[in-house]
Every structure is written in C-alpha cells, then in structure tokens.
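Numbering (the numbering used here), first residue to last: 598 to 1038. Here is the structure we will look at.
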Amino acid sequence: MDRNARRAIFTHFEVVDPAFNCMQCNLRQCCLTNPKKNGKISAISFLFIVITNILAGVFGVALCIIFKPGDGVLLSKDIKETAIVETQDIFIDLLRNVFPDNMIKATFSQSQTENKISFQTIERNTTNGTISEVVQTISKSVKDTGGTNVLGLITVCTLIGIASSRLKGRVKVFTQFFQAGADIILQILRWILWTTPVGVASLIAVSMAGITDISTVFAQLGMFVLTVTTGIAIHQLVFMPLVLFILTRRNPYVYLITVVKPWMIALATTSTAVAIPEMLNACEEKNKIDKRVSRFVIPFCVTLNADGSALFISAAAVFLATITGMSLSAADYIVICILTGFATLALPSIPSSSIVTLVMVLTSLNIPAGQISLLFAVEWYLDRIRTTSNVVSHTFCTAVTYHFCKNDLNTLDNIPCDDIEIVIENPDIQHDASERTTGNL
C-alpha cells in the first residue's frame, strides 16, 4: 500500500471515529517522548488528580455542614435490625466473592459474613457482694445474600475470555452465542429506557409516600441543589483558578475563557469523553501547550479525574444521612472525604455514573440508601454542572503538568508522524539492509 493510500485511511478514521483519532494521538505522543519524561508527566498529573479529588470531597462536606441541607426533615424508613459490620469482614468477603463457588449462583447472590449478637447475664461474687454483668458475644457465620456478585462474575468472565482468545477459531460458535446474547439484552434495554420517566416517577413516589410534609422535603432538596451549585461555582471560579495561579503564575481567568467551548459541550452531553477533541484544541491551539503533554493528560484525566462528581457524592452522602436521621461524627466525615476521593478514580465518564459510587459510599457507612431516589428528580441538572467542573479540572491539570514538564521536553523534537519509520525484521533470518521491510505511519 502506498503512502497516500495509508494517509487516506488514517484521515478517514480521524473523521469517522474520534476514539481512533485519540488512540492515534496517544500512540504518537508516546513515541515522541522518552519513558523517563512520560513517567514525570504521569506522576505530576496523577498527584494533581488525587489531591483535587479529595479536596473536592472535603469541600462538599464543608458546604453541607455550613448550609445544613435536609436539617429538620426526617423521612420514614424501615425499622429493622442493622447488622454489625467489622472492617476485617469487608476484606474477607471481598476475597471470598472474587472466586465464586458457582457461576450461575453468582448472578443473583453473594457471600457475606453475618455477625449475630447475643447477650448473657453473668453473676459473679465480689467482696461487695454479687454483681450481675451483661456479656456481649458475637458469633460469625457466612451466608448468601441477595444481589449480583459482580466481582466474581468479572473474574470468571475474564478467565473465559482469555481462554477463548487462545483457542481462536475453535470457539467461534461460543463467542457468537454470547455476542448475540449481548445484542439481545441491549435491544431489551433500549425498550426499557422508554419507560424511564415512569420508573423514575415511581421511585420518587415511593420515597414521598411516608412523608407528612412534602413542601418541607422539597424545600430541603432545593437547599441541597443550592449547596451543590454553590460548591461547583466556587470550585470553578475560585478554587481551581487559585490552584493554577499558585502553581503556574499565569492568569487563570484568561485560561478559563479559552475552555468555554468544551465546557458547553460537557453541559449539553453530561460526558467529558465527548468533549475530549475540544479540550485538546483549547489546550494546544489557544494555550500553546505541547501536544506530547495534552494528548496524554487529557485522556488520563477523563479516566481518573472527577472533582465535580467528588463534591456531589460527598455532599449527597451527608444530605441523605441527615434526612434519614443519622448523626455523623468527625471520623465519618473524614471517611466520606477519603472514600469519595479514591472511589471517583474508578468513575466512568458516562452520565449519572456518580449515583453508583454514591450507593457504595452510603453502604460503607451503613447509611440507608433507600432515599437516594429523591436525587433522581434533580439529577438531570446536577449531572450537567458537575460534568462542567470536571472539564475545568482536566484542562487545568494539563496546564499545571505542562508548566512543570516543559523544561524537560525537547522543544525542537516536533517530528511529524509521517517521518517515523517502522522496521520489521525476523531475528531468525539474516537480511541485508535492502531486504528489510519499512513503512511510514
């Protein structure tokens, strides 16, 4: 295939498939930057991501303490015995569920350690007479609880997938079966999505059923929206500009104006992944950031960085704890901030993915998650504004990383992708220089 034909193919994929274009850009930048410099870029950007995620969680908790959304509202909840959960039980159950006993059973149940508490009155003689003491005994047992063992299914499916890839053509029917099954499920999900308005309305109705003063609840829900909105605004207009100015000594508001277009795209689509091309353009064309930095840091941040989501999750956890009548201690606030900061590292860049992480945070703190459906009524708005905050954080992270790495980059190393030569040869066969196969990307 000649050079023009190869270039035409690459141009076609750049226009049709933005994901391929992003992959090609990352490949080229990794080729043009040596491993040591890549390591420094990765370390600085990852440190920025972790710190800002945790600080955003702290900011969300602090705003909830100040504004007190949900204060004075107590929603009805099921009164039932709450099992004691110990830290070691969580890790043991995690390891136990990684390797399920039965793959079919893992689709509807998972193993969980159950702690049964029993009290026994013991009388003992002392110099002052007989004293009765109540002794608490905890007995542990493993039982199956309802819920999909996602971790176990991932492990099993990964092993099956690896084995299938090794066998290749011999398992063609097997892979076609699961591909057809996936297509069927996706089609069914598309049909179910048409009932989403009815489903969301039903979930909200269930939460509202036991409320005696609906106006107060919605007023406090509005206070929660105001709290998150205020936090997002301060995060974008005060906190992140302050970080950029301290670390780079550049005007943060001039830089902020250049990212308006990806900000608007994120607001409309509720996904930072869709705004990747415009974020790259804002960093490279408008702010003259080296492509070797921007085309690595931006996709890296889209995968791991979610300041707006961290702020929302931490604030929502405090809000839901308040309206369900649970009092949080200082240690609980610290756990919420740290857990949220690290949980958002695994947050996918898809709409409303923060709700899933919120459930995990609530479960870890034994906060009832039944009232989370109240947030569905305002999720369409909160999801959009926290996504815009993520875009601001991604672009600012790129600027900070470039500031600390620009002296290490070879400014004259602007080799076009067409000039990179790939040499393919078989080490087992001796070739002359004229017999080697070469090509240009």
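We put the CB at the ideal spot given by N, CA and C, even for glycine.
What are the boundary residues of the beta strand (DSSP E) that residue i is part of?
i: Phe716; result: 706 to 723
If we ignore side chains and look at the alpha-carbon of each, how far apart do residue i and residue j end up?
i: Lys776; j: Leu783; result: Checking the sequence, you will find Gln at residue 776 rather than Lys. Approximately 11 Å, taken between the alpha carbons.
i: Glu730; j: Thr724; result: 15 Å
i: Val648; j: Ala863; result: In the sequence as displayed, the identity of residue 648 is Ile instead of Val. So the two alpha carbons sit approximately 23 Å from each other.
i: Gly654; j: Ala872; result: 24 Å
i: Gly743; j: Pro697; result: 14 Å
i: Thr630; j: Leu1006; result: Any reading at Thr630 needs caution, since the residue's pLDDT is 47, under 50, leaving its predicted position unreliable; the model's value is listed next. Their Cα atoms are separated by approximately 8 Å.
i: Ile728; j: Tyr930; result: 40 Å
i: Leu644; j: Leu971; result: 35 Å
i: Cys622; j: Leu844; result: Its pLDDT being 46, under 50, Cys622 is placed unreliably in this model, and the coordinates cannot settle the point.
i: Gln733; j: Cys754; result: 43 Å
i: Phe963; j: Phe774; result: In the sequence under discussion, the amino acid at residue 963 is Asn, which differs from the Phe named in the question. In a straight line, the C-alpha of Asn963 is about 41 Å away from that of Phe774.
i: Met876; j: Leu955; result: 27 Å
i: Thr826; j: Ile662; result: 15 Å
i: Tyr978; j: Lys888; result: 33 Å
i: Cys627; j: His832; result: Unreliable positioning characterises Cys627 in this predicted model, as indicated by a pLDDT of 47, which lies under 50. The coordinate reading is nonetheless provided below. Roughly 32 Å separates the two Cα atoms.
i: Val857; j: Thr866; result: 14 Å
i: Phe909; j: Leu818; result: 13 Å
i: Arg693; j: Phe716; result: 29 Å
i: Pro1046; j: Val899; result: Past the edges of the chain, shown from 598 to 1038, lies residue 1046, and the structure says nothing about it.
i: Lys769; j: Ser761; result: 9 Å
i: His991; j: Lys883; result: 15 Å
i: Val890; j: Ser812; result: 51 Å
i: Ala913; j: Ala966; result: 11 Å
i: Ala680; j: Ile714; result: With a pLDDT of only 48 at Ala680, under the threshold of 50, the placement of this residue in the model should not be trusted, and no figure is reported.
i: Val795; j: Val851; result: 45 Å
i: Ser799; j: Ala927; result: 35 Å
i: Asn1011; j: Asn1004; result: Any reading at Asn1011 needs caution, since the residue's pLDDT is 49, under 50, leaving its predicted position unreliable; the model's value is listed next. Answer to the nearest angstrom: the Cα atoms are 15 Å apart.
i: Ile719; j: Gly726; result: 14 Å
Any heavy atom of the ligand ATP closer than 6 Å to the beta-carbon of residue i?
i: Leu750; result: As far as ligands go, the structure on display features none, and thus does not contain the ligand ATP.
Identify which residue in the options has its Cα closest to the Cα of residue i.
i: Asp690; options: Pro666, Lys737, Leu839, Val814; result: Lys737
i: Lys652; options: Leu864, Ala903, Asp1005, Val958; result: Correcting the residue identity first, residue 652 is Leu in this sequence and not Lys. Minimum Cα distance to Leu652 is reached at Ala903.
i: Arg846; options: Phe1001, Ile662, Leu877; result: Phe1001
i: Val695; options: Pro874, Cys994, Asn746; result: Asn746
i: Ala943; options: Trp791, Leu901, Gln707, Val825; result: Leu901
i: Thr710; options: Lys740, Arg721, Asn722, Gly726; result: Lys740
i: Asp980; options: Ile829, Ser990, Gly636; result: Ile829
i: Val840; options: Ser951, Ala996, Ala640; result: Ala996
i: Val814; options: Ala974, Pro859, Ser891, Lys637; result: Ala974
i: Gly905; options: Met700, Asn884, Val894, Trp860; result: Trp860
i: Ala816; options: Phe664, Ser990, Ser639; result: Phe664
i: Pro896; options: Ala907, Asn884, Lys885, Cys880; result: Cys880
i: Pro849; options: Val989, Ala760, Leu959, Val658; result: Val989
i: Asp686; options: Ala798, Ile719, Ser708; result: Ser708
i: Gly657; options: Leu959, Cys934, Ser986; result: Cys934
i: Thr704; options: Ile886, Asn987, Gly749; result: Gly749
i: Gly636; options: Asn878, Arg763, Val894, Ala907; result: Val894
i: Thr824; options: Lys1003, Ser639, Leu660, Ile646; result: Leu660
i: Asp668; options: Thr921, Ile952, Asn987; result: Thr921
What does DSSP give as the partner residue(s) for residue i in the beta ladder?
i: Ser738; result: Glu711
i: Ile728; result: Arg721
i: Gly594; result: The requested residue 594 does not occur in the structure, where the chain is confined to residues 598 to 1038.
i: Gln733; result: Phe716
Go to residue i, then tell me how far its alpha helix (DSSP H) extends in each direction, as first and last residue.
i: Glu976; result: 973 to 1002
i: Pro948; result: Premise fails: Pro948 is in no alpha helix (DSSP H) and is neither H nor E.
i: Gln817; result: 811 to 831
i: Thr1045; result: This structure cannot settle anything about residue 1045, because the visible part of the chain is limited to 598 through 1038.
i: Pro965; result: Counting along the chain, Pro965 falls outside any alpha helix (DSSP H), and DSSP gives it neither H nor E.
i: Lys888; result: 888 to 901
i: Lys883; result: From DSSP, Lys883 is part of no alpha helix (DSSP H); its letter is neither H nor E.
i: Met876; result: 873 to 878
i: Pro859; result: 857 to 866
i: Gly938; result: 927 to 940
i: Val768; result: That residue, Val768, is in no alpha helix (DSSP H); it is neither H nor E in DSSP.
i: Thr845; result: 837 to 845
i: Pro849; result: 849 to 854
Just to check my reading of the structure: residue i and residue j have Cβ atoms closer than 8 Å, yes? What is that Cβ distance to the nearest angstrom?
i: Ser642; j: Thr998; result: 5 Å
i: Pro948; j: Met820; result: Actually they do not touch by this definition, with Cβ atoms about 24 Å apart.
i: Met1039; j: Phe993; result: The first residue shown for the chain is 598 and the last is 1038, placing residue 1039 beyond what the model contains.
i: Ile538; j: Leu917; result: This structure cannot settle anything about residue 538, because the visible part of the chain is limited to 598 through 1038.
i: Leu936; j: Val958; result: 6 Å
i: Thr941; j: Asn650; result: 5 Å
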